[in-house]
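The structure appears right after this line, and notes come after that.
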Amino acid sequence: MNTHTDRDFDHRSDPAFTALAGRCFEWDDLEHHPWPAAGLWPDGTIAYVNPAWSVFAHQNGGGMVVDREWSLGANYFSAITDTLRPFFTDLLANAPTTQQSLAPYTHEYECSSADEFRRFALQIFALPDKRGYMLVHSLLVAAPHDVSTHPISDPDIKHYETADGVIKQCAHCRRVERRNQIVHWDWVPAWVKHPPASITHTICALCHSFYYSHLSRHRH
Numbered sequence: 006m007n008t009h010t011d012r013d014f015d016h017r018s019d020p021a022f023t024a025l026a027g028r029c030f031e032w033d034d035l036e037h038h039p040w041p042a043a044g045l046w047p048d049g050t051i052a053y054v055n056p057a058w059s060v061f062a063h064q065n066g067g068g069m070v071v072d073r074e075w076s077l078g079a080n081y082f083s084a085i086t087d088t089l090r091p092f093f094t095d096l097l098a099n100a101p102t103t104q105q106s107l108a109p110y111t112h113e114y115e116c117s118s119a120d121e122f123r124r125f126a127l128q129i130f131a132l133p134d135k136r137g138y139m140l141v142h143s144l145l146v147a148a149p150h151d152v153s154t155h156p157i158s159d160p161d162i163k164h165y166e167t168a169d170g171v172i173k174q175c176a177h178c179r180r181v182e183r184r185n186q187i188v189h190w191d192w193v194p195a196w197v198k199h200p201p202a203s204i205t206h207t208i209c210a211l212c213h214s215f216y217y218s219h220l221s222r223h224r225h
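Quick note on this note's numbering: the sequence shown kicks off at 6 and runs consecutively.
This is how it looks when you write it as structure tokens:
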């Protein structure tokens, strides 16, 4: 496999991971992939991110947080909600190695923008002997939001901020939970484009049941 000598690449990939993953991947393919890709050590430590990792985060309102807290050397699972952490832990544990299967495990999920409904596929490749993993995201569907299903709500903090001073936004559909009304989630595109500092991410009941129904026993 090829090696990569770009100076920026050295700040985005652990040299040991570069050598390990280079046995299975062409680095140019990952580096030019238009959507985020990340390499992990078995304990979840991020060992590689491609350029699209940071670009996607900045385009979707989370760039500063990702650059500061979810880049090389951070733990991938630290940014996943407690509800979903068992799911992603199991994905890595059960992902087939290249010796077991040529097809990676694939999980579909929603990550909408302010203007579009978007569904992605996450492919998980287990590296030899499961000494690491490569996670590659790809866009499957993108279409303008239907106003009949996404009536726009104003970004009025008094309707959404809890007594603890946080605003709960679904990490998938990006709707916002109404204050003290857990069954009501509103579409507030202004906060998708420019999230307030008090936003915290969770999973709404609809996204949880659609994408993770088998995880109901893990819900808090």
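Think of the CB as a built atom: it goes at the ideal place given N, C-alpha and C, for glycine as much as any other residue.
8 angstroms contact criterion, which residue i and residue j should meet: CB distance rounded
{"i": "residue 174", "j": "residue 196", "result": "7 angstroms"}
{"i": "residue 194", "j": "residue 157", "result": "6 angstroms"}
{"i": "residue 176", "j": "residue 86", "result": "7 angstroms"}
{"i": "residue 102", "j": "residue 133", "result": "7 angstroms"}
{"i": "residue 18", "j": "residue 52", "result": "7 angstroms"}
Same chain, Cβ closer than 8 angstroms to residue i, five either side skipped, listed in chain order
{"i": "residue 57", "result": "38, 39, 40, 41, 42"}
{"i": "residue 125", "result": "40, 113, 114, 115, 116, 142, 143, 144, 145"}
{"i": "residue 166", "result": "172, 184, 203"}
Spatially closest choice to residue i from the options, by CA coordinates
{"i": "residue 200", "options": "50, 60, 181, 76", "result": "181"}
{"i": "residue 147", "options": "15, 127, 121, 130", "result": "121"}
{"i": "residue 13", "options": "46, 77, 62", "result": "77"}
{"i": "residue 60", "options": "36, 94, 95, 86", "result": "36"}
{"i": "residue 119", "options": "150, 190, 137", "result": "150"}
{"i": "residue 164", "options": "189, 46, 53", "result": "189"}
{"i": "residue 214", "options": "198, 178, 205", "result": "178"}
{"i": "residue 79", "options": "211, 46, 187", "result": "46"}
{"i": "residue 136", "options": "23, 16, 15", "result": "23"}
{"i": "residue 205", "options": "138, 169, 186, 211", "result": "169"}
Cβ shell of residue i (< 6 angstroms), same chain only, five flanking positions each side left out
{"i": "residue 82", "result": "49, 90"}
{"i": "residue 66", "result": "200"}
{"i": "residue 75", "result": "84"}
{"i": "residue 123", "result": "116, 117, 147"}
{"i": "residue 207", "result": "86, 173"}
Outcome for residue i when other beta-carbon atoms lying within 10 angstroms are tallied against a minimum of 16
{"i": "residue 142", "result": "buried"}
{"i": "residue 7", "result": "Caution is warranted here: a pLDDT of 43 is assigned to residue 7, below 50, making its placement in the model unreliable, and no coordinate value can be reported."}
{"i": "residue 10", "result": "With a pLDDT of only 49 at residue 10, under the threshold of 50, the placement of this residue in the model should not be trusted, and no figure is reported."}
{"i": "residue 154", "result": "exposed"}
{"i": "residue 44", "result": "buried"}
{"i": "residue 5", "result": "Absent from the model: residue 5. The displayed extent of the chain is 6 to 225, so no value can be given."}
{"i": "residue 98", "result": "exposed"}
Neighbourhood of residue i by C-beta distance below 7 angstroms, restricted to the same chain and skipping five residues each side
{"i": "residue 96", "result": "110, 112, 129"}
{"i": "residue 217", "result": "89, 92"}
Ordered list of alpha helix (DSSP H) runs contained in the stretch 18-95, each at least 4 residues: 20-26, 32-36, 56-64, 68-74
Quick check for students: name the residue ranges of the beta strand (DSSP E) that lie wholly in the stretch 95-153, counting only runs of 3 or more. 110-115, 121-131, 138-149
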